[in-house]
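Asker:
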Ligand code: XUL
Ligand code: CO
């Protein structure tokens, strides 16, 4: 592993070194207070549990543009007229950032890494050149790729969708881009491949054949799976649900919708879910709800860690700092047996008003500490007898006798009727919600 404090010729984050773990007593904003990569929790290190990733798009492209004004941050790697030159400088800045922060993984879209250029051939050549360079940077630093993806939503040609575009010519370009992004992901040893269907949905039912578009989506995903497997991709394909924005309605609405779709089309297993906190809340659920539904289906693949703003209705992609969210999320992850080949990718961006170079570090440190604390607290919760027994005891009537026979599907309505007729009126059994809520607060604020 390279010992140099930065990669390439230029240091893009001067004055900031490797972020140390200083523990809860520290008030250094550029140190971890809770994330101690090697600390063992429940038999695995924090690094093994959390598998943090930095995303390329928000971190190295997004300078603060919003619908009311341009970006507010100056990123030196964007300087210069030649887009491939900027791409190479951005890559060096990214690997400097990853290694100083001390995350093991990164994630990218094809067009984050390399400019698209003016033709399909140029797009493929630019991407291949940047992938070769990224491969070198990975071997120099030990960084790994959590997932790759193709951006089928920014280029105006994709305004009506990629895989579900009503024009076959656009579907063909989408296929070419997914092929190139899969090639890139395999070349970089990516452990997963993500589909976020930003424009796979509709703006109006008046002009959309939803039945046909959903069939096209399934066919496209099947072809992507088959191509990926044919070039040696052994990782997990991930669908990232989101209900809306940019479209009025997106087909991958939420975890349960995607689970039903994958099962209906025989794709579950090859495909799992990448749950993003702010997408779950946009669909009217909590982050933990969509994680729980995915885990229950055996399809929890990975997480895009961020948070929304409870007072508005769009995707704000803020860094995750809400401890209730992080604790609940990590409880689901621990109960699911971990994230497998997935990880915690910070699909989060700085606020437009955060303009200091150190803010990128501070934001990620806060997110990593929040999930590290979440892990420590969740580990206590799932091992606490009062928590463990609550659900077990609540369903104990199905463990034996008639309840177990019902679960096996052996009791019809007539048999249920006879059982009820022979029994007395059921008693009221408290749900104990407040008891468990209090327990979680007690465990949250006990010493870590
Ligand atoms: C958009 C979003 C994407 C996906 C990858 O809301 O979350 O960045 O994670 O395309
Ligand atoms: Co995301």
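Residue numbers (our numbering): -6 to 441.
For every residue, glycine included, the Cβ atom is placed at its ideal position computed from N, Cα and C.
(1) Applying the criterion that 16 or more other CB atoms from any shown protein chain within 10 Å of the CB defines a buried residue, is residue 246 buried or exposed?
(2) Would you call the stretch 338 to 345 and the stretch 370 to 387 touching, i.e. three or more CB-CB distances under 8 Å?
(3) By a C-beta neighbour count over all protein chains shown, 10 Å radius and 16 as the cutoff for buried, is residue 257 buried or exposed?
(4) Please classify residue 224 as buried or exposed, where buried requires at least 16 neighbouring CB atoms within 10 angstroms.
(5) Does DSSP put residue 153 in a helix, a strand or coil?
(6) Less than 7 Å between C-beta atoms, sequence neighbours within five positions excluded: which residues of the same chain meet that for residue 357?
(7) Please determine, among 426, 137, 113 and 104, the residue with the shortest C-alpha to C-alpha distance to residue 123.
(8) So, with DSSP's three-state summary, where would you put residue 412?
(9) Quick one: does the C-beta of residue 105 sit closer than 7 Å to a heavy atom of the ligand XUL?
(10) Can you find the residues in the same chain that come closer than 7 Å, C-beta to C-beta, to residue 108, ignoring five residues on each side of it along the sequence?
(11) Give a yes or no on whether the C-beta atoms belonging to residue 65 and residue 57 are separated by under 8 Å.
(12) Residues in the same chain with beta-carbon distance under 6 Å from residue 329, minus the five sequence neighbours each way, listed in chain order, please.
(13) Tell me where the alpha helix (DSSP H) around residue 204 begins and ends.
(14) Is residue 250 near the ligand XUL, in the sense that its beta carbon is under 7 Å from a heavy atom of that ligand?
(15) Go through its chain and collect everything with a Cβ distance to residue 359's Cβ below 7 Å, but skip five positions before and after it.
(16) Counting along the chain, where does the beta strand (DSSP E) carrying residue 139 start and finish?
(17) State the Cα-Cα distance for the pair residue 114 and residue 121, rounded to the nearest angstrom.
(18) Using 8 Å as the threshold, is the stretch 185 to 193 in touch with the stretch 225 to 234, meaning 3 or more CB pairs across them?
(19) Suppose you measure from the CA of residue 215 to the CA of residue 261; what does that come to, to the nearest Å?
(20) At what residue ranges does the stretch 279 to 362 contain a whole run of the alpha helix (DSSP H), taking only runs of 4 or more?
(21) Quick one: measure Cβ to Cβ for residue 398 and residue 406, integer angstroms, because I've assumed they're closer than 8 Å.
(22) How should residue 307 be labelled, buried or exposed, when 16 other C-beta atoms within 10 angstroms of its C-beta is the threshold for buried?
(23) Where residue 440 and residue 150 are concerned, what is the direct C-alpha to C-alpha distance, given to the nearest angstrom?
(24) Is the beta carbon of residue 41 less than 8 Å from the beta carbon of residue 25?
(25) By alpha-carbon positions, which one of 361, 421, 290 and 367 ends up nearest to residue 387?
(26) Is residue -3 buried or exposed, if buried means 16 or more other CB atoms sit within 10 Å of its CB?
(27) Apart from the five residues just before and just after residue 92, which ones in its own chain have a Cβ nearer than 6 Å to its Cβ?
(28) Within its chain, find whatever has a CB closer than 7 Å to the CB of residue 384; leave out the 5 residues flanking it on each side and keep chain order.
(29) Evaluate the contact criterion for the stretch 173 to 181 versus the stretch 140 to 150: three or more CB pairs, one atom per stretch, below 8 Å.
(30) Going by C-alpha distance, which of 290, 235 and 259 is nearest residue 273?
(31) Can you give me the Cβ contacts of residue 34 inside the same chain, cut-off strictly under 8 Å, excluding the 5 residues immediately before and after it?
(32) When you measure from the CB of residue 269 to every non-hydrogen atom of the ligand CO, does any distance come out below 7 Å?
(33) Helix, strand or coil: how does DSSP classify residue 196 here?
(34) Buried or exposed for residue 31, going by 16 or more other Cβ atoms inside 10 Å?
(35) When you measure from the CB of residue 386 to every non-hydrogen atom of the ligand CO, does any distance come out below 7 Å?
(36) Could you tell me which uninterrupted beta strand (DSSP E) segments, each at least 3 residues in length, are contained entirely in the stretch 29 to 77, listed from first to last along the chain?
Answerer: So, to answer that:
(1) Sixteen is the threshold: when 16 or more other Cβ atoms of the shown chains lie within 10 Å of the Cβ of residue 246, as they do, the residue is buried.
(2) Segments in contact, no.
(3) Exposed: under 16 other Cβ atoms inside 10 Å.
(4) When all chains shown are included, residue 224 counts as exposed.
(5) DSSP places residue 153 outside both helix and strand once states are collapsed to three, so it counts as coil.
(6) Hits under 7 Å: 47, 94 and 339.
(7) Cα-wise, what sits closest to residue 123 is 104.
(8) DSSP, reduced to helix, strand and coil, places residue 412 within a helical segment of the structure shown.
(9) Outside the cutoff, so no.
(10) These residues qualify, in order along the chain: 76, 77, 80 and 119.
(11) Yes; because the gap between Cβ atoms is below 8 Å, this pair is in contact.
(12) Excluding sequence neighbours, residue 329 sits near 288 and 293.
(13) In the DSSP assignment, residue 204 falls within the unbroken alpha helix (DSSP H) covering 203 to 223.
(14) With a cutoff of 7 Å, residue 250 does not count as near the ligand XUL, since its C-beta is closer than that to no heavy atom of the ligand.
(15) Non-local C-beta neighbours of residue 359 in its own chain, meaning closer than 7 Å and more than five positions away in sequence, comprise 312 and 314, ordered along the chain.
(16) 137 to 142 is the span of the beta strand (DSSP E), which, as asked, contains residue 139.
(17) Looking at the two C-alpha atoms, the distance is approximately 11 Å.
(18) Result yes; three or more Cβ-Cβ pairs closer than 8 Å.
(19) Computed Cα separation, rounded: 11 Å.
(20) If only complete runs of 4 or more residues are kept, the stretch 279 to 362 shows the alpha helix (DSSP H) at 280 to 289 and 316 to 328, in order along the chain.
(21) That belief does not hold up - the Cβ atoms of residue 398 and residue 406 are roughly 14 Å apart, past 8 Å.
(22) In summary, residue 307 is exposed, with fewer than 16 beta-carbon neighbours lying within 10 Å of its beta-carbon over all protein chains present.
(23) Taking the straight line from one Cα to the other gives about 54 Å.
(24) The criterion of a C-beta distance shorter than 8 Å is not satisfied by residue 41 and residue 25.
(25) Looking at 361, 421, 290 and 367, the one whose alpha-carbon comes closest to that of residue 387 is 421.
(26) Note on residue -3: pLDDT 49, under 50, position unreliable in the model; no value is reported.
(27) For residue 92, same chain residues with a beta-carbon under 6 Å away, outside a window of 5 residues either side, are 134 in chain order.
(28) There are no such residues.
(29) Short answer: they touch.
(30) Closest option to residue 273, judged by alpha-carbon separation, among 290, 235 and 259: 235.
(31) Non-local C-beta neighbours of residue 34 in its own chain, meaning closer than 8 Å and more than five positions away in sequence, comprise 42, 368, 369 and 372, ordered along the chain.
(32) At least one heavy atom of the ligand CO is nearer than 7 Å to the Cβ of residue 269, so yes.
(33) Here residue 196 carries a coil assignment [DSSP, helix/strand/coil].
(34) With fewer than 16 other Cβ atoms within 10 Å, it is exposed.
(35) Not so, every heavy atom of the ligand CO lies at least 7 Å from the Cβ.
(36) Segments of the beta strand (DSSP E) lying fully in the stretch 29 to 77: 45 to 48.
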